[in-house]
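Novice: Take this structure, written in structure tokens, and hold onto it; I'll ask about it next.
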Amino acid sequence: MDVRPPAEVSRRGSSAHASTPTAGDSTALPLEIPAIELRDARVRIGARPPRTVWSGVDLTVRAGEFVAVLGSNGSGKSTLLKAILGLVETAPGAVGVLGGPAGGANREIGYLPQRHGFGSTLPVRGMDLVRLGLDGSNWGVPLGVSAGARRRARERVREVIDLVGASAYAERPFGELSGGEQQRILIAQALVRRPRILMLDEPLDSLDLPNQAAVTALVQRICRTENVAVLLVAHDVNPLLAYLDQVIYLAGGRALQGAVEDVITGPKLSELYGVEIEVLRTRDGRLVVVGQPEAPHVHGHRHDG
Amino acid sequence: MANPTLSWNLAHDVHELLAYQFMVNALQAGTIVAVMAGVVGWYMVLRRQSFAGHTIAVMSFPGAAGAALAGLPGAFGYYLACGIAALAIGREGGEGHSGRSRESAAIGAVQVAGLALGFLFLSLYSGVLEQLETLLFGTFLGIDRNQVLTLLLVALVVLAALALAGRPLLLASLDPEVARARGVPVRALDVGFLLILGLVVAATSQITGALLVFALLVAPPAAAQALTPRPGPSLVLSVVFALLVMWLGLGISYFSIYPLGFFVTSFGFGVFLLAKLVALARARSTQSERGMDGAPEPVAAP
Chain A
1 MDVRPPAEVS RRGSSAHAST PTAGDSTALP LEIPAIELRD ARVRIGARPP RTVWSGVDLT
61 VRAGEFVAVL GSNGSGKSTL LKAILGLVET APGAVGVLGG PAGGANREIG YLPQRHGFGS
121 TLPVRGMDLV RLGLDGSNWG VPLGVSAGAR RRARERVREV IDLVGASAYA ERPFGELSGG
181 EQQRILIAQA LVRRPRILML DEPLDSLDLP NQAAVTALVQ RICRTENVAV LLVAHDVNPL
241 LAYLDQVIYL AGGRALQGAV EDVITGPKLS ELYGVEIEVL RTRDGRLVVV GQPEAPHVHG
301 HRHDG
Chain B
306 MANPTLSWNL AHDVHELLAY QFMVNALQAG TIVAVMAGVV GWYMVLRRQS FAGHTIAVMS
366 FPGAAGAALA GLPGAFGYYL ACGIAALAIG REGGEGHSGR SRESAAIGAV QVAGLALGFL
426 FLSLYSGVLE QLETLLFGTF LGIDRNQVLT LLLVALVVLA ALALAGRPLL LASLDPEVAR
486 ARGVPVRALD VGFLLILGLV VAATSQITGA LLVFALLVAP PAAAQALTPR PGPSLVLSVV
546 FALLVMWLGL GISYFSIYPL GFFVTSFGFG VFLLAKLVAL ARARSTQSER GMDGAPEPVA
606 AP
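These protein sequence lines map, in sequence, to chains A and B.
Just so you know, the first sequence maps onto residues 1 to 305 in the working numbering.
Just so you know, the second sequence maps onto residues 306 to 607 in the working numbering.
Put into structure tokens, the structure is as follows:
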């Protein structure tokens, strides 16, 4: 893969957070180096026998792009995020992240894993979780940190909590918050280090429709204003339709990337799944995929938030 | 030793307490143990590893019995058995739900094996294991300088390790997946923490006894976490509660005919109960405050 050192462009000025020196001096990539690039990538998991999750995957996500990752359960959506983080093995050079190998720039990635029942009993405040996003992976005691640096860290936490609109409840125990409130806190945690890539695994899961819309709008706003590349895993494309730049559709061990209207079509999905698929468009513009081998995931109402 | 009597003059009582070297040793050992238990117990409760901690505590029974059988010092048996148990549990642990349930099963197996070995060692020893009651319920008599120094050494190692790994351990405890994505060695921290827990349990059970370690390891941190959701103050409170329980227990049991374990456990439970009551009362009052506004929180239009 084409690996070049990132050019010195001060995209965000010198707003370095003091306790995290490596994240402060962020530099923008030249346009031709995408934030995420997969070339003929393949992931195999398990040992006896290894199962190929997907192969021959080519993807490109650039800074400031909002991309949804869609597909059935078990199609490898979460695995894609883990491959980008370098948490599952891929061939050398198959996955490029910010111009380097997968796993090499994880401090530049804000990651919100998919979690079931996460945090219902967490005895810490929302803002403590956000703060751990900032300096939780630092070793040692922060004794040498100056008062100014500590104040800047506190300010950064406040700022990002404001950004996601969670100020009203950031000081309450995390376990007492509603699903939508918890999701905002966790997005703030993923954002607090000013990442250049934001990867959210099913952040809309278990949210009601108004909260799905609000969280999606929030993610799109961050994507645009902070010029962050966003990968959002979802099982329903409809709450995202108005906001997306592109979709990545995973099925049958392969992936398709493109604009929604180019990818989510009968012929494309039929080819991907290998069975006859029909895509219907309702009068209000919602997409309904009919004939998937599994239960329909692209369309679904969920009111359990 | 003159028969100690509790007077209403606190200064006099404390003065009497400190007149004996064995009591000074006990207070120093108790203080060291309480600080360690307050800090490590705080992480243990946060990580919901109380069952693992309890099992490691039970291991001091085969440890002490085995040491007696082999003619080794009891403390050696404690540390060895607790360390082995910690490693055995840590080996089976792993990621996510399946790791948790595997760990839970492994803990149960380790506990059973430990008890069986303990009884075997005890019957093989055939003599009377004098310290059996001490082993189970603890003592503060006859703690010598060497024991105090050993405890201090253990405490320094444990606290230094936690100072170094405190924040990554907190992140890994609360949010292992994010921690792993950020390059925190979650698995190594899991095993490392169990080893630290083993050290602390072995040290603590020499004073509180194997069955009552929990008074110090669970009650103070659980009380602290019920009182505040702020990690820093909660950790400090946990240590303060543990010290309070230990000092009160030592002070009163000196003047009493009842064993130390009884007082430490009762005070531990008392602190926990009080904290829960305060938390409950607080939840009630905030609920009624919010209830004044009536409606549930407004939802933005789609």
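Where is the CB? At the ideal position from N, CA and C, for every residue including glycine.
Would Ala460(B) and Val340(B) qualify as a contact pair, given that the criterion is a beta-carbon distance under 8 Å?
Specialist: Numbered from its first residue, the second sequence carries residue 460(B) at position 155. Numbered from its first residue, the second sequence carries residue 340(B) at position 35. Yes, these two residues count as a Cβ contact at 8 Å.
Novice: To the nearest angstrom, how far is it from the Cα of Pro172(A) to the Cα of Gly126(A)?
Specialist: Position 172 of the first sequence, counted from the first residue, corresponds to residue 172(A). Position 126 of the first sequence, counted from the first residue, corresponds to residue 126(A). For the record, residue 172(A) in the displayed sequence is Arg; it is not Pro. Each residue's Cα considered, the two are about 6 Å apart.
Novice: Given a threshold of 16 other Cβ atoms within 10 Å of its Cβ, counted over all protein chains shown, does Ser312(B) qualify as buried or as exposed?
Specialist: On the second sequence, position 7 is the one that residue 312(B) refers to. Looking at its Cβ environment, which holds fewer than 16 other Cβ atoms inside 10 Å, Ser312(B) is exposed.
Novice: Taking 8 Å as the threshold, find out whether the region 88–98 of chain A comes into contact with the region 31–43 of chain A through three or more Cβ pairs.
Specialist: In short, these stretches touch, since the Cβ pair count reaches three.
Novice: Please state if the CB of Gln220(A) and the CB of Phe66(A) are separated by a distance shorter than 8 Å.
Specialist: Working through the first sequence from its first residue, we reach residue 66(A) at position 66. Working through the first sequence from its first residue, we reach residue 220(A) at position 220. Yes.
Novice: For a contact defined as C-beta to C-beta under 7 Å, what are the partners of Pro113(A) on chain B?
Specialist: On the first sequence, residue 113(A) is found 113 positions in, with the first residue counted as 1. By Cβ distance, chain B contributes Glu482, Val483.
Novice: State yes or no: is the beta carbon of Gly488(B) nearer than 8 Å to at least one beta carbon in chain A?
Specialist: Here the question's residue 488(B) lines up with position 183 in the second sequence. Closer than 8 Å to some Cβ of chain A, the Cβ of Gly488(B) qualifies, so yes.
Novice: Touching or not, the region 376–391 of chain B and the region 517–524 of chain B, by the rule of three or more beta carbon pairs under 8 Å?
Specialist: Verdict: no, contact absent.
Novice: Have a look at Val124(A) and Ser539(B) and give me their C-alpha separation to the nearest angstrom.
Specialist: One-based indexing of the first sequence puts residue 124(A) at position 124. One-based indexing of the second sequence puts residue 539(B) at position 234. Distance between the alpha carbons of Val124(A) and Ser539(B): 10 Å.
Novice: Is Pro21(A) buried or exposed, if buried means 16 or more other CB atoms sit within 10 Å of its CB?
Specialist: For the purposes of this step, residue 21(A) is identified with residue 21 of the first sequence, where counting begins at 1. Because Pro21(A) carries a pLDDT of 41, less than 50, the predicted location of this residue cannot be relied on, and no value is offered for it.
Novice: I think Leu476(B) touches Ser178(A), with their Cβ atoms under 8 Å apart; what is that distance to the nearest whole Å?
Specialist: Here residue 476(B) is taken as the residue at index 171 of the second sequence, counted from 1. Here residue 178(A) is taken as the residue at index 178 of the first sequence, counted from 1. With a Cβ gap of about 24 Å, Leu476(B) and Ser178(A) do not count as contacting.
Novice: Quick check: what's the CA-CA separation for Arg115(A) versus Leu186(A)?
Specialist: As a position in the first sequence, residue 115(A) is number 115, starting the count at 1. As a position in the first sequence, residue 186(A) is number 186, starting the count at 1. When rounded, the distance between both Cα atoms is 11 Å.
Novice: Inspect the beta-carbon positions of Tyr348(B) and Ala507(B) and report whether they are closer than 8 Å.
Specialist: Residue numbering aside, residue 348(B) sits at position 43 when the second sequence is read from its first letter. Residue numbering aside, residue 507(B) sits at position 202 when the second sequence is read from its first letter. No, these two residues do not count as a Cβ contact at 8 Å.
Novice: Would you say Ala470(B) faces chain A, with C-beta separation under 8 Å as the test?
Specialist: Reading the second sequence from its first residue, position 165 is the one you call residue 470(B). Judged by the 8 Å Cβ criterion, Ala470(B) is in contact with chain A.
Novice: For Trp139(A), does the count of other Cβ atoms within 10 angstroms reach 16, so buried, or fall short, so exposed?
Specialist: Position 139 of the first sequence, counted from the first residue, corresponds to residue 139(A). It counts as exposed.
Novice: Give the secondary structure of Tyr249(A) by DSSP, where H, G and I count as helix, E and B as strand, and everything else as coil.
Specialist: Your numbering for residue 249(A) matches position 249 in the first sequence. Tyr249(A) falls in the strand class under three-state DSSP.
Novice: Would you kindly work out how many angstroms separate the C-alpha atoms of Ala23(A) and Pro101(A), rounded to a whole number?
Specialist: Translated into the one-based positions of the first sequence, residue 23(A) becomes position 23. Translated into the one-based positions of the first sequence, residue 101(A) becomes position 101. The pLDDT assigned to Ala23(A) is 41, lower than 50, so where the model puts this residue is not dependable, and the model offers no usable value.
Novice: Quick check: what's the CA-CA separation for Asp208(A) versus Ala342(B)?
Specialist: Taking the first residue of the first sequence as 1, we reach residue 208(A) at position 208. Taking the first residue of the second sequence as 1, we reach residue 342(B) at position 37. Straight-line Cα distance between these residues: approximately 43 Å.
Novice: Would you kindly report the start and end of the unbroken alpha helix (DSSP H) that includes Ser78(A)?
Specialist: Position 78 of the first sequence, counting from 1, holds the residue named residue 78(A). Element bounds for Ser78(A): 77–85.
Novice: Report the rounded CA-to-CA distance for Leu315(B) versus Leu129(A), giving the unit in angstroms.
Specialist: Walking along the second sequence from the start, residue 315(B) turns up at place 10. Walking along the first sequence from the start, residue 129(A) turns up at place 129. Going by the C-alpha atoms only, they are around 44 Å apart.
Novice: Can you tell me where the beta strand (DSSP E) holding Leu280(A) begins and where it ends?
Specialist: Here residue 280(A) corresponds to residue number 280 of the first sequence, with the count starting at 1. Where Leu280(A) is concerned, the enclosing beta strand (DSSP E) stretches over 278–281.
Novice: Any beta-carbon of chain B closer than 8 Å to the one on Pro203(A)?
Specialist: Here residue 203(A) refers to the residue found at position 203 when the first sequence is read from its first residue. Output row for Pro203(A): interface = no.
Novice: For Met349(B), write down the residues that DSSP places opposite it in a beta bridge.
Specialist: Position 44 of the second sequence holds residue 349(B). Beta-bridge pairing links Met349(B) to no other residue.
Novice: Give a yes or no on whether the C-beta atoms belonging to Ala531(B) and Ala580(B) are separated by under 8 Å.
Specialist: Stepping through the second sequence from its first residue, residue 531(B) is reached at position 226. Stepping through the second sequence from its first residue, residue 580(B) is reached at position 275. For Ala531(B) and Ala580(B), yes; Cβs fall inside 8 Å.
Novice: Counting only the same chain and skipping the five closest in sequence on each side, list residues whose C-beta sits under 7 Å from that of Arg485(B).
Specialist: Stepping through the second sequence from its first residue, residue 485(B) is reached at position 180. Around Arg485(B): Val491.
Novice: Determine which residues share a DSSP beta bridge with Val230(A) and list them.
Specialist: The residue you call residue 230(A) lines up with position 230 of the first sequence. DSSP, once it has assigned bridges, lists Phe66(A), Leu198(A) as partnering Val230(A).
Novice: Which whole-angstrom value describes the C-beta separation of Gly99(A) and Ile33(A), a residue pair presumed to lie in contact below a C-beta threshold of 8 Å?
Specialist: In the first sequence, the residue the question calls residue 99(A) occupies position 99. In the first sequence, the residue the question calls residue 33(A) occupies position 33. With 8 Å as the limit, Gly99(A) and Ile33(A) qualify as a contact, their Cβ atoms being about 5 Å apart.
Novice: Going by beta-carbon coordinates alone, are Leu70(A) and Asp201(A) separated by less than 8 Å?
Specialist: Walking along the first sequence from the start, residue 70(A) turns up at place 70. Walking along the first sequence from the start, residue 201(A) turns up at place 201. The answer is no: Cβ separation not under 8 Å.
Novice: Leu287(A) by DSSP, collapsed to three states: which one?
Specialist: Position 287 of the first sequence, counting from 1, holds the residue named residue 287(A). If DSSP states are grouped into helix, strand and coil, Leu287(A) belongs with the strands.
Novice: Report the rounded CA-to-CA distance for Ala588(B) versus Gln354(B), giving the unit in angstroms.
Specialist: Position 283 of the second sequence holds residue 588(B). Position 49 of the second sequence holds residue 354(B). Their Cα atoms are separated by approximately 26 Å.
Novice: If I measure Cβ to Cβ from Thr533(B) and keep anything under 8 Å in the same chain, skipping five residues before and after, which residues do I get?
Specialist: Position 228 of the second sequence holds residue 533(B). Cβ neighbours of Thr533(B) beyond the five flanking positions: Ser539, Leu542.
Novice: Check for me: the alpha helix (DSSP H) holding Arg44(A) runs from which residue to which?
Specialist: As a position in the first sequence, residue 44(A) is number 44, starting the count at 1. Counting along the chain, Arg44(A) falls outside any alpha helix (DSSP H), though it belongs to the beta strand (DSSP E) covering 36–45.
Novice: I think Gly358(B) touches Val496(B), with their Cβ atoms under 8 Å apart; what is that distance to the nearest whole Å?
Specialist: One-based indexing of the second sequence puts residue 358(B) at position 53. One-based indexing of the second sequence puts residue 496(B) at position 191. Incorrect: roughly 15 Å between the Cβ atoms, too far for contact.
Novice: Hey, does Ser593(B) have any beta-carbon neighbour from chain A nearer than 8 Å?
Specialist: Numbered from 1 along the second sequence, position 288 holds the residue referred to as residue 593(B). No - not a single Cβ of chain A is within 8 Å of the one on Ser593(B).
Novice: Apart from the five residues just before and just after Leu323(B), which ones in its own chain have a Cβ nearer than 7 Å to its Cβ?
Specialist: Locating residue 323(B) in the second sequence gives position 18, where the first residue counts as 1. Here the set comprises Val329.
Novice: Tell me whether Ile562(B) is buried or exposed, calling it buried when 16 or more other Cβ atoms sit within 10 Å of its Cβ.
Specialist: The residue given as residue 562(B) occupies position 257 in the second sequence. The residue in question, Ile562(B), is exposed, as its Cβ has fewer than 16 Cβ neighbours within 10 Å.
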